[in-house]
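In what follows, a single structure is set out as structure tokens and then discussed.
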Amino acid sequence: MQIARFETGHKGDILTLDIFGDWTARHVGGIDAALRKFADKTIGRELIINLKEMKGLDTAGAMMIQRTFHSCQDRTHKSAIVGAEPGQESLLRQVLGHLEPCQIDPPQDSPFVTMLYRTGAGVSGVYYSTLELLNFIGLTLVTMMKVMVNPRRWRLASIAHHMEETGLNAVPIVGLMSFLIGAVVAFMGAKVLQQFNAQVFVVELVGIAVLREFGVLLAAILTAGRSGSAFTAQIGSMKIREEIDALRVLGLDPVEVLIVPRTIALVIMLPVLSFLAAALGIIGGGLAAWATMDISPALFMARTQEMVVLDNFWAGIIKAPFFAFVIAVIGCFQGMEVEGSAESLGQRTTLSVVQALFLVIVLDAFFAMFFLELNF
Amino acid sequence: MTKETAIIQGQNASSDQVSDQLSRAEHDHIIEVRGLRNQFGNFIVHDELDLNVRRGEIIGVVGGSGTGKSVLMRSIIGLKRPSKGIVKIFGHDFYGASSKEKIGIEQRWGVLFQGGALFSSMTVAQNVMAPLRAHLHLPDELARDIAALKISMAGLPPESGDKFPSELSGGMKKRAGLARALALDPEMVFLDEPTAGLDPIGAAQFDDLIVNLRNTMGLTVFMVTHDLDSLHAACDRIAVLSDKKVIVNGPIDEVRKLDHEWIQRYFSGPRGRAAVVAKDPNHVEDFKEKRSVIA
Numbered sequence: 000m001q002i003a004r005f006e007t008g009h010k011g012d013i014l015t016l017d018i019f020g021d022w023t024a025r026h027v028g029g030i031d032a033a034l035r036k037f038a039d040k041t042i043g044r045e046l047i048i049n050l051k052e053m054k055g056l057d058t059a060g061a062m063m064i065q066r067t068f069h070s071c072q073d074r075t076h077k078s079a080i081v082g083a084e085p086g087q088e089s090l091l092r093q094v095l096g097h098l099e100p101c102q103i104d105p106p107q108d109s110p111f112v113t114m115l116y117r118t119g120a121g122v123s124g125v126y127y128s129t130l131e132l133l134n135f136i137g138l139t140l141v142t143m144m145k146v147m148v149n150p151r152r153w154r155l156a157s158i159a160h161h162m163e164e165t166g167l168n169a170v171p172i173v174g175l176m177s178f179l180i181g182a183v184v185a186f187m188g189a190k191v192l193q194q195f196n197a198q199v200f201v202v203e204l205v206g207i208a209v210l211r212e213f214g215v216l217l218a219a220i221l222t223a224g225r226s227g228s229a230f231t232a233q234i235g236s237m238k239i240r241e242e243i244d245a246l247r248v249l250g251l252d253p254v255e256v257l258i259v260p261r262t263i264a265l266v267i268m269l270p271v272l273s274f275l276a277a278a279l280g281i282i283g284g285g286l287a288a289w290a291t292m293d294i295s296p297a298l299f300m301a302r303t304q305e306m307v308v309l310d311n312f313w314a315g316i317i318k319a320p321f322f323a324f325v326i327a328v329i330g331c332f333q334g335m336e337v338e339g340s341a342e343s344l345g346q347r348t349t350l351s352v353v354q355a356l357f358l359v360i361v362l363d364a365f366f367a368m369f370f371l372e373l374n375f
Numbered sequence: 000m001t002k003e004t005a006i007i008q009g010q011n012a013s014s015d016q017v018s019d020q021l022s023r024a025e026h027d028h029i030i031e032v033r034g035l036r037n038q039f040g041n042f043i044v045h046d047e048l049d050l051n052v053r054r055g056e057i058i059g060v061v062g063g064s065g066t067g068k069s070v071l072m073r074s075i076i077g078l079k080r081p082s083k084g085i086v087k088i089f090g091h092d093f094y095g096a097s098s099k100e101k102i103g104i105e106q107r108w109g110v111l112f113q114g115g116a117l118f119s120s121m122t123v124a125q126n127v128m129a130p131l132r133a134h135l136h137l138p139d140e141l142a143r144d145i146a147a148l149k150i151s152m153a154g155l156p157p158e159s160g161d162k163f164p165s166e167l168s169g170g171m172k173k174r175a176g177l178a179r180a181l182a183l184d185p186e187m188v189f190l191d192e193p194t195a196g197l198d199p200i201g202a203a204q205f206d207d208l209i210v211n212l213r214n215t216m217g218l219t220v221f222m223v224t225h226d227l228d229s230l231h232a233a234c235d236r237i238a239v240l241s242d243k244k245v246i247v248n249g250p251i252d253e254v255r256k257l258d259h260e261w262i263q264r265y266f267s268g269p270r271g272r273a274a275v276v277a278k279d280p281n282h283v284e285d286f287k288e289k290r291s292v293i294a
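Protein chains in written order, with numbering that gives the first Met the number 0: chain P, 0 to 375; chain D, 0 to 294.
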């Protein structure tokens, strides 16, 4: 293997170019710039390219030779490529018709126009995607109603499957997380409460925080990350492979077949997960209180029963179905919006999690204000 | 039938004759598959499969559905490790090679997958430039020129360079996939059903393109296909997969004459006859005779 190189010279008026070494894609990288410079000189002049000393040639090398040769436009007299072996000659002929450059990158406007365009697209995008999302929520609700009244259209197998996927399989992670959060709340609370000699209030702190907020929020956040994204990816890849279209032409409503079972499953399972999260959060808090402040489990439980009234539990768990509905609908909505490429699937999956989390938190804030007004 | 051109394993060539031929022809075999066994769980797709591909030929692999044509191709290109047997390509045992050697081997072949398998987030030209950028340190300008060349050689118009795969028709995707497969000027290309899903005009053009590239670039082509027209128009030799083996590997005229049930049904069905007529109208008589004999 020899590195590609060339030598230039002239015979009277005629430029000469002698080619040496391997003119293959692997070896021509270093001389491209020099060859282009040389080609600028040949414009309008006669040129003889000598391939006698050349070792190897592939289409990349042949393209470079032809490109250089074609830069001398006055080829009426003595311009020629000489010394090519038959195989190399046919390669040179082969590339001849294919020298036209082509567009590589997608067309781009000036940065200013692009900025304007993106700003506009962003603003109108918010408007239209909100409209579409509302439309989709309505569609899902209507379809759910229709399915409800007709028990034969309950897809129990599908619902059970999604309940297992989104609920049962999430138990270990949701349980562990809320156990740890409960313990952390107890630890942090203990530190502050100790200063006032009011350690025993850690029971109320843990009980109320976990029941009202942390349990359900943790369950919802983990579900948005686990299941919302999975819904988008499942439905999105079905969209890419035209499976959604196949459902439609078979007379099946994709909303009824795919989205309603997922939504129902999540609406059933998220309250269950929230309950589990709350219970384990309290256990975690109790153990932490026992470990750091010597509040015995018996005392902790007794005080929880006495001070943390049932209202707190209901205030938390009532939010779960609403969160579940939002997570499921956003996940499915973003899945249906996937178009064409793998990149779009990735973007939509990200969007689905971000939007679901955002809406869950917003909804939670509304609930907090609502309960405040109600003194609940 | 000469033994040079058609080797029927285990039928009329004794094993030492076969090995004798092999040792003579070994140096110009670009692919050698020996004793290949592929299985999924308990389902055995290939067993004791042997196959040779010679340098510079276009070999068409045919077989009924589920005979493992694509699996064979995937075993050769390193995507499906066989449970037994040796795959030698360019003289190297691929599955025994070090990862550095593998990268070297992989740069010497190009693969066209059935749907094109273009990277959907890149334009056609960026797709073609991807292997150039990954393996060669070329100035960007040169890489662009090479990409344009390959796109044009694959029969795509220059304005398709900045299109995304989702904007292309099925035939254009295949051409773009071929352009990417040819980016590094490989010695060998693997084509998985290159003409499936193309209209007859596009399919014929694709066959011409492949033959033309073979003739000018000295490519070796390994083609999995069901297209009888391509088999006639493009392939030098046909390997027939059946009963977990390559039952025959030879020029089409010899394969067609073989007394094997599947081969006879394959080549003598209405499509098979039409393909022969399309290639050479003089064959009409020949087939009429044959049918009367069978009847």
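Every residue, glycine too, gets a C-beta built ideally from N, C-alpha and C.
Partner residues on chain P for residue i, Cβ-Cβ distance less than 8 Å
{"i": "Pro138 (chain D)", "result": "Gly28, Asp31, Ala32"}
{"i": "Gln125 (chain D)", "result": "Ile103, Asp104"}
{"i": "Asp184 (chain D)", "result": "Thr23, Ala24, Asp57, Thr58, Ala59"}
{"i": "Ser165 (chain D)", "result": "Glu338, Gly339, Ser340"}
{"i": "Leu141 (chain D)", "result": "Val27, Gly28, Asp31, Ala59, Met63"}
{"i": "Glu158 (chain D)", "result": "Cys101, Gln102"}
Residue burial classification, residue i (beta-carbon count within 10 angstroms, cutoff 16)
{"i": "Val32 (chain D)", "result": "buried"}
{"i": "Pro270 (chain P)", "result": "buried"}
{"i": "Pro260 (chain P)", "result": "buried"}
{"i": "Leu183 (chain D)", "result": "buried"}
{"i": "Asn196 (chain P)", "result": "exposed"}
{"i": "Ile294 (chain P)", "result": "buried"}
{"i": "Gln304 (chain P)", "result": "exposed"}
{"i": "Pro269 (chain D)", "result": "exposed"}
{"i": "Trp108 (chain D)", "result": "buried"}
{"i": "Ser74 (chain D)", "result": "buried"}
{"i": "Tyr116 (chain P)", "result": "exposed"}
{"i": "His231 (chain D)", "result": "buried"}
{"i": "Met216 (chain D)", "result": "buried"}
For residue j and residue i, the rounded distance between their alpha carbons
{"i": "Asn320 (chain P)", "j": "Val70 (chain D)", "result": "As written in the sequence, residue 320 (chain P) is Pro, which differs from the Asn given in the question. Spanning the two alpha carbons is a distance of roughly 48 Å."}
{"i": "Gln93 (chain P)", "j": "Leu16 (chain P)", "result": "21 Å"}
{"i": "Gln193 (chain P)", "j": "Leu179 (chain P)", "result": "21 Å"}
{"i": "Gly115 (chain D)", "j": "Asp207 (chain D)", "result": "19 Å"}
{"i": "Leu246 (chain P)", "j": "Asp252 (chain P)", "result": "7 Å"}
{"i": "Ala83 (chain P)", "j": "Ser168 (chain D)", "result": "39 Å"}
{"i": "Ala272 (chain P)", "j": "Leu181 (chain D)", "result": "It is Leu, not Ala, that sits at residue 272 (chain P) in the sequence shown. Rounded to the nearest angstrom, the two C-alpha atoms are 54 Å apart."}
{"i": "Ile47 (chain P)", "j": "Asp258 (chain D)", "result": "59 Å"}
{"i": "Ile30 (chain D)", "j": "Val86 (chain D)", "result": "7 Å"}
{"i": "Lys243 (chain D)", "j": "Val61 (chain D)", "result": "13 Å"}
Within chain D, the residues that residue i reaches when beta carbons sit closer than 8 Å
{"i": "Met62 (chain P)", "result": "Asp144, Ile145, Leu148"}
{"i": "Leu350 (chain P)", "result": "Within chain D, no residue comes near Leu350 (chain P); the closest Cβ sits about 16 Å away, beyond 8 Å."}
{"i": "Leu90 (chain P)", "result": "Thr215, Met216"}
Interface partners of residue i on chain D, CB under 7 Å
{"i": "His97 (chain P)", "result": "Leu148, Ser151, Met152"}
{"i": "Ile347 (chain P)", "result": "According to the sequence shown, residue 347 (chain P) is Arg rather than Ile. Correct list: empty, because the minimum Cβ distance to chain D is about 14 Å."}
{"i": "Ser70 (chain P)", "result": "None at all; the shortest Cβ gap to chain D is about 13 Å."}
{"i": "Arg25 (chain P)", "result": "Leu135"}
Element boundaries [alpha helix (DSSP H), containing residue i]
{"i": "Gln193 (chain P)", "result": "170-194"}
{"i": "Ala120 (chain P)", "result": "110-148"}
{"i": "Asp252 (chain D)", "result": "251-256"}
{"i": "Thr231 (chain P)", "result": "228-239"}
{"i": "Phe365 (chain P)", "result": "341-373"}
{"i": "Leu90 (chain P)", "result": "85-95"}
{"i": "Phe37 (chain P)", "result": "31-41"}
Start-to-end residues for the beta strand (DSSP E) that takes in residue i
{"i": "Asp21 (chain P)", "result": "13-22"}
{"i": "Ala79 (chain P)", "result": "79-81"}
{"i": "Thr7 (chain P)", "result": "4-10"}
{"i": "His28 (chain D)", "result": "28-39"}
{"i": "Gly169 (chain D)", "result": "That residue, Gly169 (chain D), is in no beta strand (DSSP E); its alpha helix (DSSP H) goes 169-180."}
{"i": "Gly55 (chain P)", "result": "53-56"}
{"i": "Ser241 (chain D)", "result": "236-241"}
Contact set between residue i and chain D, taken where Cβ atoms lie within less than 9 Å
{"i": "Glu342 (chain P)", "result": "Ser119, Ser120"}
Neighbour flag for residue i against chain B, beta carbons, 7 Å
{"i": "Thr215 (chain D)", "result": "Looking at the structure shown, chain B is missing, and the protein chains on hand are P and D."}
Contact list for residue i against chain P, beta-carbon separation under 9 Å
{"i": "Asp161 (chain D)", "result": "Cys101, Gln102, Ile103, Asp104, Pro105, Pro106"}
Residue ranges of each beta strand (DSSP E) within the stretch 182-220 of chain D, 3 or longer: 187-191
Any alpha helix (DSSP H) of 4 or more consecutive residues that is wholly inside the stretch 96-154 of chain D: With a minimum length of 4 residues, the continuous alpha helix (DSSP H) runs that stay inside the stretch 96-154 of chain D are 98-105, 123-134, 139-152.
Whole runs of the alpha helix (DSSP H) within the stretch 259-318 of chain P, excluding any shorter than 4 residues: 259-292, 296-306, 309-316
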